[in-house]
Structure formats: C-alpha cells, structure tokens
Amino acid sequence: MLDNFFKISERGSSFRKEIIGGVTTFLTMAYIIFVNPNILGDAGMDRNALITVTIVAAVIGTLLAGVWAKVPYAMAPGMGLNAFFTYTLVIGAGVEWQTALGVVFISGIVFLALTVTGIRTKIIHTIPLALRLATGAGIGLFISFIGFKNMGLVVANPATFVGLGPFTPTLLIGLVGLIITAILEVKKVRGGIFYGIIITTIIALIAGEVKAPDTLVSLPPSISPIALKLDIMSALSFGLIGAVFSFMFVDLFDSVGTIVACSYEAGFVDKDGKVKYVDRILEADAVATVAGSLLGTSTTTTYIESASGIANGAKTGFASVITAGFFFLALFFAPLIGMVPSYATAPALVIVGVYMFKNIKQINFGDFADSIPAFLTIVLMPLTYSISTGLSFGFISYVILKAVTGKFDEVSWLMWLIAALSVVNLWLGV
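For the record, in the sequence shown the residue sitting at position 222 is 221 according to numbering that gives the first Met the number 0, with numbers rising by one throughout.
Next comes the structure, spelled out in structure tokens:
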C-alpha cells in the first residue's frame, strides 16, 4: 500500500533507501530547531513557544511535501526570511511582531493564489538570473553578519560603525564552535552544522556559561503566547506593501532555486528542463507558510539540505515522512533545545551564509549592467541591515542601467513594475 502510494518501487527506490535518506535530511537541517527560536526570539516572541512552533511548522511543511507533492523534500521556517522578519521589520522598522506575522500570512495567501494561477512561474522567468543569484548571496552575507554579531565578534563602534568585540569567554566559545563546525563541513560529516551546535553547547556547559536543564525530556512548551496572535488588519496598511513583496521575492527565489537543484539531483527534470511535480511543491510551500504564520513563525520554505537525503537514496515522499517523524520526536526534547545559547548557534549562521553565498560565482561580473545591480543587492543587505533595501536597490539599478544602455528588450513590463514598487518600498522605509 505504501509502496504504491509513494511509488517507491516505481522510482527505483526501497524502504531502506527512503529511511536512510529521510534521516540524513533531518540531521543536515536539524539546526533550524535551535536557530529559528533564537532569531525570532530577538523580535520579542516567546522562545519556548517558538521551539514548539518551529518544529510543528517543519512537520506540517515536510508532510505536505511528502504526502501531497510526494517528493523527498523537507520544509521549515526559512533562514534569511526569519532574519528579515526580526531585524528588518520588527527591530529595524519598528513593526510589532504580531503585525509582521500578518505580513507573512498575506504573502503566503498571495503566493498560493499566484501558484494556482501559474503566475508564480512567470515571475520566476522574469527576474534576471544575476539578481536571483545575488539575492541568495546577499542573504548569506547578511545572516553571517548576524552570526558574528551574536557571538560578539562584531560590535557597534561609534567611530567606525562596527568593530572587533572584546574577547569574552562566550566569544571564544563561539569561535571554537565555528572552527569545529567548519572542520565538520570540510570533512563532509552529515549533519555537521547540527553537531557543531551540540559540541559548542557542551563546551559552554563545561565552561559554566550555560546551565543544564532540570529535565531532558518534557511535554512540548505551549504555543499560546504566539499562536493565532497575528494582526492581519495592521499588515494590510499601505506602509507594509513593500514588506509583503520582499517576503514574496525572497521566498520565491529561495524555494524555486532549492526545488530546481533538488529536482536535478532526484531526476525530476524532464528532457525539456521542466521540473516534475513543481505545482504541487509550490502549493505545499505556500500552504505551509500560511499555516506557519497562524502558529507564530516566519515564512516556511523548502530546504536545500533535502539534497543530502536525495544523494543518500531518497526518491519519494516517504523519505519526507521519515524526516517529519524525527522532527516530531524533537518536540519532547524542548529543555535541551532551550539551553542552547545564541552564540552556540552563531557558527551555524556563518556556515549557512557560506552555502548561500557560493552561487555568486555564476554571476557574470564582466557585464556591468548585470554585475552592478547584483553587487548593490549583495552588499547593501548587510550594510543597511535590511534584505528589502538590498533587493530594492538591485531592481531599481537594473532597469536604469538596461534603459540607459538601450537594452529595453531585456527589461519586461513586470520588471518595471517591480522597480516602481521598490521605489515605493524605499520611500516607505521598510
């Protein structure tokens, strides 16, 4: 029955391969259980509730990918999107976290509508490759910067804006954790980032910088402090239109790039280059985002770490069910998860940033009409502490440079519209 439903034999797989693939995917992306509560917690949200919500959102999204789309992809609250939620919207723009959740909800609803109507695919083809690649690289640089800040390596400096922080015990532990995590990744240890967080926390525990919990296992923390607290009406205000579009664009590039990469790995791309099951995958992505916002977390998206499970034999949605099952088990280890300090998850942010930044090599820096907008997108995200600002300057500069060089045929009407919305976004300061 399961074999027929998931087409395990039909796709040349086996239950053993699917289980191994599912476990591998979980290990490589389990770091989000620790990182997401720390990032969203900076927005003033209850960290214990965020542990439960992060895991439940991952379970829902991954099950949708496995049972609805029947692909071996895993979903969870997205890196970069959670940083945009906290550091750009809530801290940077002064938006209440309840309103920011409303923005996530609206972007998810719009995404679902765009997916069902097929418009989402058209938007993907409209955005220039250079800007798509720059978006991922810029977010990678941004979250790496946050990682260095969280461990105390980078601090505010009134003379130079930023500077090197004092060498405190927590900074030293964070740096040791970064070295350990980097070594694990270089050695290609499965789940290296996850193990890096665990080892760094153990070092902090031995050093007396964190306290061990009274119990290792417990019922999941209540989600009542943040669940169903989203403020949709405030999110519908004119001033937050730019924020909605920023969430949409970042999620669009992130999810599509991941889906395409994983689909090539899994053999889900036909001879014409079209991705199989893409509509259902995108629908699952949008529904998971809506569900996540209701629970109390930022945008849920497909994780590139799914490729590690695929590389280990996963070819069907059954692997995703296994991954979701392990996430579910993590619900009962909230005391252990809650003891992990932000400087122990900081190395994970830096290494994930490296993974996101590496696609920069595909940008043609010999063509200034492409490379200058890409460069502005990348550097302005961390320098302005805002993903949306980087996106806006990238879109605006792209259409201007193409226009003055007479390359009007390379700029669609949709890109002009996006550039106009970017101007509005900068004017509104979101």
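Note that the Cβ used here is the ideal one computed from N, Cα and C, for glycine as well.
Beta-carbon spacing of PHE246, LEU420 below 8 angstroms = Position 247 of the sequence shown holds residue 246. Position 421 of the sequence shown holds residue 420. Going by C-beta atoms, PHE246 is not nearer than 8 angstroms to LEU420.
Note down, in chain order, each residue of its chain lying with its Cβ closer than 7 angstroms to the Cβ of VAL339, except the 5 sequence neighbours on either side.
-> The residue given as residue 339 occupies position 340 in the sequence shown. PHE33, ILE196 and THR200, listed in sequence order.
Report the rounded CA-to-CA distance for THR315 versus MET78, giving the unit in angstroms.
-> Within the sequence shown, the letter at position 316 stands for residue 315. Within the sequence shown, the letter at position 79 stands for residue 78. C-alpha separation (whole angstroms): 25 angstroms.
Is it right to say GLU17 is buried, meaning 16 or more other beta carbons lie within 10 angstroms of its own, or is it exposed?
-> On the sequence shown, residue 17 is found 18 positions in, with the first residue counted as 1. The residue in question, GLU17, is buried, as its Cβ has 16 or more Cβ neighbours within 10 Å.
Do you know how far the Cα of GLY146 is from the Cα of VAL109?
-> By one-based count along the sequence shown, residue 109 stands at place 110. By one-based count along the sequence shown, residue 146 stands at place 147. Approximately 31 angstroms, taken between the alpha carbons.
Rounded to whole angstroms, how far is the Cβ of GLY176 from the Cβ of ILE192, which I believe are closer than 8 angstroms?
-> As a working mapping, residue 176 is identified with position 177 in the sequence shown. As a working mapping, residue 192 is identified with position 193 in the sequence shown. Actually they do not touch by this definition, with Cβ atoms about 11 angstroms apart.
Is the Cβ-Cβ distance between VAL320 and GLY107 less than 8 angstroms?
-> By one-based count along the sequence shown, residue 320 stands at place 321. By one-based count along the sequence shown, residue 107 stands at place 108. Cβ atoms of VAL320 and GLY107: not closer than 8 angstroms.
Which two residues bound the contiguous alpha helix (DSSP H) that contains THR300?
-> Sequence index remark: in the sequence shown, residue 300 carries index 301 (1-based). Run containing THR300: none in the alpha helix (DSSP H); it sits in the beta strand (DSSP E), 299–301.
How big is the Cα-Cα spacing for GLY405 and TYR276?
-> Position 406 of the sequence shown holds residue 405. Position 277 of the sequence shown holds residue 276. Looking at the two C-alpha atoms, the distance is approximately 39 angstroms.
Rounded separation between MET380 and ALA129 - CA only = Counted from its first residue, the sequence shown places residue 380 at position 381. Counted from its first residue, the sequence shown places residue 129 at position 130. Cα-Cα distance, rounded: 16 angstroms.
From ILE7, LYS401, ILE377 and PRO76, residue whose alpha carbon lies closest to that of MET28 = Stepping through the sequence shown from its first residue, residue 28 is reached at position 29. Selected option, being the one with the closest Cα: PRO76.
Would GLY173 pass as a contact of TYR342 if the rule is Cβ separation under 8 angstroms?
-> Residue mapping note: residue 173 aligns to position 174 of the sequence shown, counting from 1. Residue mapping note: residue 342 aligns to position 343 of the sequence shown, counting from 1. Yes. Within cutoff.
Give the secondary structure of VAL243 by DSSP, where H, G and I count as helix, E and B as strand, and everything else as coil.
-> Position 244 of the sequence shown, counted from the start, is the residue given in the question as residue 243. Three-state DSSP puts VAL243 in a helix.
Taking C-alpha atoms, which residue in LEU293, VAL185 and ILE225 lies nearest to GLY43?
-> If you number the sequence shown from 1, residue 43 lands on position 44. The shortest Cα separation from GLY43 among LEU293, VAL185 and ILE225 belongs to ILE225.
Helix, strand or coil: how does DSSP classify GLY162 here?
-> Start at 1 with the first residue of the sequence shown, and residue 162 comes out as number 163. GLY162 falls in the strand class under three-state DSSP.
Beta-carbon separation (whole angstroms), LEU416 vs PHE332, contact threshold 8 angstroms = For this step, residue 416 is matched to residue 417 along the sequence shown. For this step, residue 332 is matched to residue 333 along the sequence shown. 47 angstroms between Cβ atoms; not a contact.
So, is ARG15 buried or exposed, given that buried needs 16 or more other C-beta atoms within 10 angstroms?
-> Within the sequence shown, residue 15 is the residue found at index 16, counting from 1. So ARG15 counts as exposed.
What is the residue span of the alpha helix (DSSP H) that MET355 lies within?
-> Your numbering for residue 355 matches position 356 in the sequence shown. Unbroken alpha helix (DSSP H) run through MET355: 341–356.
Identify every residue that forms a DSSP beta bridge with VAL154.
-> Stepping through the sequence shown from its first residue, residue 154 is reached at position 155. Partner(s): GLY162.
Measuring alpha carbon to alpha carbon, tell me which of PHE237, VAL351, THR85 and PHE144 ends up nearest ALA181.
-> The residue given as residue 181 occupies position 182 in the sequence shown. That would be VAL351, whose Cα lies nearest to the Cα of ALA181.
Are the Cβ atoms of VAL249 and ILE126 separated by less than 8 angstroms?
-> Within the sequence shown, the letter at position 250 stands for residue 249. Within the sequence shown, the letter at position 127 stands for residue 126. No.
Beta-bridge pairing of PRO76 - partner residues as DSSP gives them = The sequence position of residue 76 within the sequence shown is 77, counting from 1. PRO76 is bridged to THR299.
Exposed or buried, what is TRP426 when buried is set at 16 or more other beta-carbons lying within 10 Å of its beta-carbon?
-> The count along the sequence shown starts at 1 and reaches residue 426 at position 427. Exposed is the call here.
Three CB pairs or more closer than 8 angstroms across the stretch 53–63 and the stretch 285–299 = yes
So, are the CB atoms of SER297 and LEU39 less than 8 angstroms apart?
-> One-based indexing of the sequence shown puts residue 297 at position 298. One-based indexing of the sequence shown puts residue 39 at position 40. A contact, by the Cβ cut-off of 8 angstroms.
Identify every residue that forms a DSSP beta bridge with VAL268.
-> Residue mapping note: residue 268 aligns to position 269 of the sequence shown, counting from 1. DSSP output for VAL268 lists VAL274 as bridge partner(s).
Compute the Euclidean distance between the alpha carbons of PRO165 and ILE205, then round it to the nearest angstrom.
-> Taking the first residue of the sequence shown as position 1, residue 165 is located at position 166. Taking the first residue of the sequence shown as position 1, residue 205 is located at position 206. Whole-angstrom Cα-Cα distance: 21 angstroms.
Cβ-Cβ separation, ALA112 to GLY291 (assumed contact under 8 angstroms), whole Å = Looking up residue 291 in the sequence shown gives position 292. Looking up residue 112 in the sequence shown gives position 113. That belief does not hold up - the Cβ atoms of GLY291 and ALA112 are roughly 17 angstroms apart, past 8 angstroms.
Could you spell out the range, first to last residue, of the alpha helix (DSSP H) harbouring ILE225?
-> The residue given as residue 225 occupies position 226 in the sequence shown. Looking at the DSSP string, ILE225 is not in any alpha helix (DSSP H), and its letter there is neither H nor E.
Helix, strand or coil at PHE84 [DSSP, three-state] = In the sequence shown, residue 84 corresponds to position 85, counting from 1. Note: PHE84 maps to helix in three-state DSSP.
Got a sec? Which residues, its chain only, sit under 8 angstroms from ILE122 by beta carbon, not counting five neighbours each side?
-> Position 123 of the sequence shown, counted from the first residue, corresponds to residue 122. Closer than 8 angstroms at the Cβ level, and outside the excluded window around ILE122, lie LEU113, LEU251 and LEU413.
Does the Cβ-Cβ distance between LEU348 and THR134 come in under 8 angstroms?
-> By one-based count along the sequence shown, residue 348 stands at place 349. By one-based count along the sequence shown, residue 134 stands at place 135. Not a contact, by the Cβ cut-off of 8 angstroms.
PHE237 - containing alpha helix (DSSP H), residue span | Sequence index remark: in the sequence shown, residue 237 carries index 238 (1-based). PHE237 -> no alpha helix (DSSP H), and no H or E assigned at all.
Report yes if the C-beta distance between MET355 and ILE138 is below 8 angstroms; otherwise report no.
-> For this step, residue 355 is matched to residue 356 along the sequence shown. For this step, residue 138 is matched to residue 139 along the sequence shown. Closer than 8 angstroms, so yes.
Using only alpha-carbon positions, find the residue among THR24, TYR30 and LEU1 that is nearest to THR344.
-> What you label residue 344 is simply residue 345 of the sequence shown in a count that begins at 1. Comparing Cα-Cα distances from THR344 to each of THR24, TYR30 and LEU1, the minimum goes to TYR30.
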